[in-house]
Structures are given as structure tokens and as C-alpha cells.
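One structure is given here, and the rest of the page talks about it.
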Amino acid sequence: MKRILVWIGIVVAALLAVSLALPFLIDANAFRPRLESTLTAALGRPVRLGELKLALFSGGISANDLSVDDDPAFSKSPFLRAKQLKVGVEMGTLIFSRRLNVTGLTIDQPEIVLVESAPGVWNFSSLGTGAGARRTPPPSQASSSSAPLDLSVKLLKVTNGRLTLGRTGNRGKPIVLEQVEIELQNFSGSAAFPFTLTSKVAGGGSVKLAGTAGPLDSADASRTPLNASLSVNQLDLALSRLNDWAPSLAGVVSFDGTGASDGKTVRISGKLKGDKLKLARNGTPAHREVELDFAVEHDLRGRSGVVSRGDIHIGGALAHVTGTYAEQGDSMLLKMNLSGSNMPATELAGLLPAVGVVLPAGSSLQSGSASVRLSAEGPADRLVTSGSVALNNAKLAGFDMGRKMSTIETLAGIRSGSDTEIQTLSANVRYAPDGASVQNIQLVLAGVGDVAGGGTISPQDALNFKMTATVHGTGLAAVVSDTPIPFTIQGTASDPQFRPDVKGVAAQAFKGMGGDAGKTATGILKGLLGGKKKP
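Here my numbering runs 54 ahead of the position in the sequence shown, where the first position is 1.
Structure representation (C-alpha cells):
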């Protein structure tokens, strides 16, 4: 037993001695010119490596610097720059045959810049095609002791990287991914290979992409086929700069879905969840989470697409959106249709602030059903939305319409109360950057009567509506019962001000009366409606 232990000690000592001596016996830098030359030929871009060191215990060679040139049509700065490159090699072949058979590459802390200059034209499009090569080290630079490189990459990894995605010129701010981890297994240009990508998004959020890619397109690397699942978690739309097309858009979104690309068209489907969404310039974050089940077909070259399915879930409310989008210059042109019927109003109430709809201060929707049919068209940051909305059997709690219409209440005997009961409401709406228009309002209020009219809401939220109320009263109201009483609504949506149109009331109530009778009647009405009598 003692002899066995001695022999084990001798073997361990010998191995340790060999491992300590090998870095001195094998000059790793002798392989650098050949490795640079082979990588340059493979990528079609000049590749430069720092000093090479033998890392026996990790089974490879490391370089303390790595840079890959960009396509000269894009930039003179490196496309990729990393602090370290680790090359996995077959150690037996390296030691006994002095051949460098590469089994894996690990790029540590790289900075990668991806830039698009035109639809589908990326600075990585020419990778592997030879179009981006500007120089290849001549054979004379290679060490005479190095044999031809046997390159077989079973594993390619990127660790703790930083990836910037942008466009040439001033078209949008770049998106930055941090802590990027990429792994490609059995990498080959002629066959599909599995890959994974995880990263954090600067500004908030994380991304995970996993699937297969390849074979590489020999003419354009950006057109390589791909099938993958995508997961995005807690992505902040504003801080991540993903809202360049529509700066008013904000909120936190998460996504789970799949995508498939043939190099020309990408088909994406999945579920998107949005929290604290803001969809309009004058909107505020929504109080309710929104879910969207969708399917999109995107044309990579045309930068356009079709939304074939878009099911919007707001609690128990369901709406549908379909349409098209297309990039044009610095704008994203949208043409969308939204429809929903018999949606619980209480579910929609939490989303109203996001689209800039303000209820009177202290009020809330506590019942009813809503229907919408809208179309939106134009640049994403200057959309014009128009269509119709309807509300049935709703209660606007905390808002007393009768009290707001107190002067008309005095005249017509309108019943007031702490809440407003809306039997039916329908209107045609138009929303644009220059304000909103609400026309053909038809409103039936319990205890009040019928209200009709229309008006506008300015970008500063100022109201300017001309309305009429047809009330059913007794006593003095018999004079004007079933006769439209004109009034205006001014102020703001949170604090609307109802004012009677005195001249209109007089004209309606005493239509056909002339002379002193008409003047007397007008004076009486002014007194009832809060007007000042002339002395």
C-alpha cells in the first residue's frame, strides 16, 4: 500500500512538472498569425488578437485582446471589441503534434455594435461572405512551426457582453443590451445550430431568446433562417427607448411568444402584457393591466407588417385590433381598426386615463356596458382616430348631473341625486393632435331626459360643447316640457361647467310670442336661470 502511494506521488509530481514546463516549451504566440488569418478568412473581416497564453488547466489558449473590424461602408471603428478571447483546443494534438485544433471559442466582455443603414442592410450582413475583408495576413506572417489550422467549433460563447442596436443618421436612439450571454452549440455555417441569448435591457427589463438558426446565408448573414422562442420581462418602453416612433407611449411590458424567419419575413405570435400603460399624449398611466394575444407578419426589407390577430383583454372585457404598419422615413405609419361590443364598463374604467379620457373629479363608473368601433390612421406620433362609442345602463357614481344643470333643474323640475344614471349614450368621436371632437351625442339620463349635441375638447382639456336637454317636468316646467332647452358645457372634463343659453331658452319657450309678452317672458326666464334683470 505504501509503495502504491509512492508511485501515485511520483506520477502527480511528474504531471505537475510537465504542466509547469509546458508554457515554456510551447510558444502559444507562434499560433497567433495563423489563428488571425483563419478567423479573418472565415469572417471576411480583419481580426486582431493580443498576446496568446497557454492555459493548460482550462484546456486552451487565451488572448488578452480581440477586435473584429466593421464593414468599411459603415464605420472605421471595430464591429466587435473584447477584453479576452479563450480558445478551447485539443491539448493532446497541441502537445504532441503541434497542431491547433479549435473546439470552442469564448469571447469575454465584448462590445458589439449592430447598425442598420437601409431596410435589411446591416453591418453584420457581410460577415462570412468576404465582402467586408480589407486585408488578410500574408502566409509569411505564420509561424513555420504551426500546421494548417483544423477549425472545428463545437461551442461558441459570449459572456458579460454589451450589445448596441442602432441605425445610421438620426433615425431613433440606439437600444442597448447589457450583461449579454450568448451560446452557440455545434456551430456550423452549413447546417442549423441551437443557440441561446439572455440579457438585461438598459433602462429596465430582460430578454431571453432560444432556438435554432442556420444554415448561414452565404450572401447576407442577416437573412439567415431562424426559429426561436422569445421572452421579455418587465421592459420599460420609455427608458429602453423603444417608443421612438410614438414618444407618448409608455409603460412596462412583458412578452412570451415564438418567432420564425426565412430571411425575408418574420412571423411572430404570442401574448403581451402591459402595466401602467400610457397611450396618449395627455394620458396618465392606466390603473389596469392589459393583455394582448397577437399574430404579426413582418417584412424585413419593407419594414412593414400586418397584424392579423390582436385580441385585447382588459379583465373581462374583450376587444379586437387588426391592421397594417409601415415605416416611412422617420415615421411609422399605422392603419388600425379596433372593435369591441358589450364590454363591462367597470373593466374599461382603469384604462381610460391611458387614452386621455378624464371623468369628472370624484366620480367613477360602477356599472354598464360599452361598445366601440374605431379606426386609427397616420404616423404613430400623430394618429387620427375616429369612429363611434356607446354606453348602456351605466352608473356614473359621485357625479350629480341634475345639480350641475341646476338652472335647468329649477326650470324643468329635473330630479337630482348623488349619482347619474345613464340609460344610453352614443356619439361619433374624432381624436387628433389638435384636439378631440365629439359629435352626434345622444344621451338618455334617468330622471333628466334626453340630451343631444356635440363639441370639442382642446389639447389643454378645455371643453366647448353646445347641447340641448329635452326634459319632462311639471308646474312651471309645463311651459318648456318636451321642448329642447339649449345649454353649453365649458370648463374641463374633470370640472365641467353647465351654463344655460338664455336666448335659446327664451326662443324655444316662447316661440311665436312677440311684443311686450315676449320681453316679459324673457325677463322672467332670465331671473329663473340666474340672469340679471335690467332696471
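We put the beta carbon where it would ideally sit given N, CA and C, even for glycine.
Please read these numbers as outputs of a predicted model, since none were measured by experiment.
Open item on the list: Which same chain residues end up closer than 6 angstroms to R269 when comparing Cβ atoms and leaving out the 5 residues on each side of it in sequence?
Closed with: Looking at the sequence itself, residue 269 is Pro, so the reference to Arg does not match. Excluding residues within five positions, the ones whose Cβ falls inside 6 angstroms are S244, A245.
Task: Buried or exposed by the 16-neighbour rule on C-beta atoms within 10 Å, applied to T400 - done: Buried, by the Cβ-count rule.
TODO: Within 10 angstroms of the Cβ of S121, are there 16 or more other Cβ atoms? Answer buried if so, exposed if not.
DONE: When all chains shown are included, S121 counts as buried.
- [ ] Within 10 angstroms of the Cβ of T312, are there 16 or more other Cβ atoms? Answer buried if so, exposed if not.
- [x] With fewer than 16 neighbouring CB atoms inside 10 Å of its own CB, T312 falls in the exposed class.
- [ ] To the nearest angstrom, report how far apart I539 and D555 are at their CA atoms.
- [x] Going by the C-alpha atoms only, they are around 8 angstroms apart.
Open item on the list: S425 and R484 - do their beta-carbons sit closer together than 7 angstroms?
Closed with: Going by C-beta atoms, R484 is not nearer than 7 angstroms to S425.
Task: Euclidean distance between Cα positions of A96 and G182 - done: Going by the C-alpha atoms only, they are around 6 angstroms apart.
Task: the region 127-139 in contact with the region 156-169 per 3-pair CB rule at 8 angstroms - done: Contact between the region 127-139 and the region 156-169 is present: three or more C-beta pairs spanning the two stretches fall below 8 angstroms.
- [ ] Check whether the Cβ atoms of S417 and A444 sit closer than 7 angstroms, and answer yes or no.
- [x] When the beta-carbon positions are compared, S417 and A444 stay at least 7 angstroms from each other.
Open item on the list: Applying the 10 Å Cβ sphere with the 16-neighbour rule, what's the burial state of G604?
Closed with: Since the displayed the chain opens at 55 and closes at 589, residue 604 lies outside it and no answer follows.
Open item on the list: Counting C-beta neighbours from all protein chains within 10 Å, is the total for P202 16 or more, i.e. buried, or is it exposed?
Closed with: Its pLDDT being 36, under 50, P202 is placed unreliably in this model, and the value from its coordinates should be taken loosely. P202 comes out exposed.
- [ ] Determine the direct distance from the alpha carbon of T376 to that of Q138, and round the result to whole angstroms.
- [x] Computed Cα separation, rounded: 48 angstroms.
Open item on the list: Quick check on DSSP: helix, strand or coil for V412?
Closed with: Coil at V412, not helix or strand.
- [ ] Express the C-alpha separation of S442 and T510 in angstroms, rounding to a whole number.
- [x] Going by the C-alpha atoms only, they are around 15 angstroms apart.
Task: Whole-Å CB distance - S423 paired with K449, under 8 angstroms assumed - done: That belief does not hold up - the Cβ atoms of S423 and K449 are roughly 12 angstroms apart, past 8 angstroms.
TODO: Mind checking which residues open and close the alpha helix (DSSP H) that includes L89?
DONE: For L89, the uninterrupted alpha helix (DSSP H) run begins and ends at 86-97, by DSSP.
- [ ] Note down the Cα distance separating A408 from A340, rounded to an integer number of angstroms.
- [x] Looking at the two C-alpha atoms, the distance is approximately 5 angstroms.
Open item on the list: Using only the alpha-carbon positions, how far apart do F178 and D124 sit?
Closed with: If you take the alpha carbons of F178 and D124, they lie about 8 angstroms apart.
- [ ] Pull up the CB-CB distance for G508 and N518, whole angstroms please, since I reckon it's below 8 angstroms.
- [x] No, G508 and N518 are not in contact; Cβ-Cβ is about 10 angstroms, not under 8 angstroms.
Task: Per DSSP, cross-strand counterpart(s) of H374 - done: For H374, which the question treats as bridged, DSSP gives the partners D365, S393.
Task: Nearest-angstrom Cβ-Cβ length linking A500 and Q477, presumed shorter than 8 angstroms - done: Rounded to whole angstroms, the Cβ separation of A500 and Q477 is 6 angstroms, and the two are in contact under 8 angstroms.
TODO: With A523 as the anchor, note down where its beta strand (DSSP E) starts and where it stops.
DONE: A523: member of the beta strand (DSSP E) spanning 517-525, first to last residue.
Open item on the list: What does DSSP give as the partner residue(s) for K107 in the beta ladder?
Closed with: Looking at the DSSP assignment, K107 forms a beta bridge with S116.
- [ ] Have a look at G158, P100, S285, F133 and flag the residue whose alpha-carbon is nearest the alpha-carbon of S116.
- [x] Nearest neighbour of S116 by Cα position, chosen from G158, P100, S285, F133, turns out to be G158.
Task: Own chain, CB closer than 6 angstroms to K458, minus 5 neighbours either side, in chain order - done: Only F552 meet the Cβ criterion.
TODO: Classify A403 as helix, strand or coil using the three-state DSSP reduction.
DONE: Assigned with DSSP and collapsed to three states, A403 falls in helix.
TODO: Using beta-carbon positions only, say whether G265 and A282 come within less than 7 angstroms of one another.
DONE: For the 7 angstroms CB-CB criterion, G265 and A282 form a contact.
Task: Nearest neighbour of S472, chosen from D162, A490, F453 [CA to CA] - done: Of the candidates D162, A490, F453, the one whose C-alpha sits nearest the C-alpha of S472 is F453.
Open item on the list: Our contact map puts S315 next to L280 with C-beta atoms below 8 angstroms; I'd like the distance itself, whole angstroms only.
Closed with: Between L280 and S315 the Cβ distance is about 5 angstroms, and since that is below 8 angstroms, they are a contact.
Task: Contact check, L405 vs R363, beta carbons under 7 angstroms - done: Between L405 and R363, the CB-CB gap reaches or exceeds 7 angstroms.
TODO: Using the Cα positions of G359 and S260, report the straight-line distance between them to the nearest angstrom.
DONE: When rounded, the distance between both Cα atoms is 25 angstroms.
- [ ] Thinking Q233 and G258 are a contact (beta carbons under 8 angstroms), I'd like their distance in whole angstroms, please.
- [x] That belief does not hold up - the Cβ atoms of Q233 and G258 are roughly 13 angstroms apart, past 8 angstroms.
Task: G328 beta carbon less than 7 angstroms from that of G410 - done: It is not a contact, given that the beta carbons lie outside the stated cut-off.
Open item on the list: Tell me the rounded alpha-carbon separation between V255 and V101.
Closed with: Distance between the alpha carbons of V255 and V101: 28 angstroms.
TODO: Starting from the C-beta of R355, find all residues in its chain whose C-beta is less than 8 angstroms away, skip the five residues before and the five after it, and write them out in chain order.
DONE: So the list reads P173, G174, K318, once near-sequence residues are dropped.
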